[in-house]
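First the structure, in the form of structure tokens, and then the observations on it.
Numbering (the UniProt record's numbering), first residue to last: 1 to 351.
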């Protein structure tokens, strides 16, 4: 197994894409080899919510890898993977589905029986959920295996040929929760309420729409405003003259269409949103953490929040008397939580 390049060259390289969003922190990796030696993998941020982890092994056998973000294991870490020789003459199995996966997404790996002679292949998967296995024969001595885990946890993948475990079997794949388990979303609308003078009408019989300066027609909501006036509610996306069309029985009422002018300062601008509070920096499990979002200077726009981390969190918002919004959330598992705040469909700086 010397480092003379010959043996090492035949080892199968490790290449895995893992779902993880990097914000400002540092992502680090460490591989522990069968001999006890330690090495660093190459980790690349794909800027699409995934990272690619690559490693060129120098030893065959079972390896363990930590992937940490600011010193804390990311979901799915530590991972186990088995390194074999690519042309060993034995039956071999390789691919991401033997190492890592996400619930409700097919986990895929390949079994190569090319040089193995006659024999029967058997596959079994044991883990927190029953996982349906499908196997496609590629007609070239390999078959593509996929299974669908529906619960997170560690799955054992048993690959046998002629009743014997192949090298590396049983493999251990770590399946993490999907986004729906870790992402907690909330949307809060901040619409412009514009009072209209339309005379006496029964709101239930009216329909309303809005024509924007660019000519797009959008629905808008007719409602009674707090002061008893009739008004419309909509989230402006353009500056300039908007026409409010109010119809009864398909025909414009006498005062319709009504012109409403939207100024630049009224358009939602995420850059003018202010976010503050202790819950942005740290939180304790099972204790509510809170922060304040101030959109008073930011115009009209919809506010959307997502918090991503090891556990789902309940997000609650409370409108404060001063026009700001107080957000509280309670994490149930330790680890990194990423708070994304969008206003008018733009990311809020620092959020």
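Ideal Cβ placement from N, Cα and C applies to all residues, glycine included.
Counting other Cβ atoms within 10 Å of its Cβ, residue 140 stays below 16 and is therefore classed as exposed.
For residue 274, the uninterrupted beta strand (DSSP E) run begins and ends at 274–276, by DSSP. In the DSSP assignment, the residues bridged to residue 43 are 53. Three or more pairs of CB atoms, one per stretch, sit closer than 8 angstroms, so the region 313–326 contacts the region 287–304. Around the beta carbon of residue 273, a 10 Å sphere encloses 16 or more other beta carbons of the protein chains shown; the residue is thus reported as buried. By the criterion of a C-beta distance shorter than 8 angstroms, residue 116 is surrounded in its chain by 89, 90, 91, 161, once the five residues flanking it on both sides are discounted. The C-beta of residue 86 has fewer than 16 other C-beta atoms within 10 Å across all chains shown, which makes the residue exposed. The beta carbon of residue 31 sits closer than 6 angstroms to the beta carbons of 39, 41, 55, 63, 65 from its chain, once the five residues preceding and following it are set aside; these are given in chain order.
Excluding sequence positions up to five before and after residue 23, its CB lies within less than 7 angstroms of the CB of 338, all in the same chain and listed in chain order.
Residue range 325–330 is occupied by the beta strand (DSSP E) that includes residue 329.
In the displayed model, residue 126 falls within a strand according to three-state DSSP. One thing to note: residue 233 has its Cβ no nearer than 8 angstroms to the Cβ of residue 199. Nearest Cα to residue 194 within the set 229, 332, 331, 18: 229.
By the neighbour-count criterion, in which 16 or more other beta carbons inside 10 Å mark a residue as buried, residue 84 falls on the buried side. Rounded to whole angstroms, the separation of the alpha carbons of residue 93 and residue 143 is 10 angstroms. Taking C-beta atoms under 8 angstroms as the contact rule, residue 29 and residue 43 qualify, at a distance of about 5 angstroms. Looking at the backbone, the Cα of residue 10 and that of residue 61 are separated by about 13 angstroms. Between residue 217 and residue 236, the C-beta spacing is not below 8 angstroms.
One alpha carbon belongs to residue 231, the other to residue 245, and they sit about 12 angstroms apart. The shortest C-alpha to C-alpha distance from residue 57 to any of 12, 26, 47 is the one to 12.
Between the alpha carbons of residue 134 and residue 36 lies a distance of about 36 angstroms. In this structure, DSSP gives residue 170 a state outside helix and strand, which the three-state scheme calls coil. Residue 266 carries a helical assignment under DSSP once its states are collapsed to helix, strand and coil.
Of 340, 284, 336, the smallest CA-CA separation from residue 26 is found for 336. Counting only the Cα atoms, residue 71 lies some 15 angstroms from residue 20. Setting aside the 5 residues that flank it on each side, residue 132 is surrounded in the same chain by 148, each with a C-beta closer than 6 angstroms to its C-beta; the list follows chain order. In chain order, 270, 340, 341 place their CB closer than 8 angstroms to the CB of residue 347, counting only its own chain and leaving out the 5 sequence neighbours on each side. Counting other Cβ atoms within 10 Å of its Cβ, residue 176 reaches 16 or more and is therefore classed as buried. Where residue 111 is concerned, the enclosing beta strand (DSSP E) starts and stops at 107–112.
Residue environment analysis places residue 152 among the buried positions, since at least 16 neighbouring C-beta atoms fall within 10 angstroms of its C-beta. The straight-line gap separating the alpha-carbon atoms of residue 169 and residue 104 is approximately 24 angstroms.
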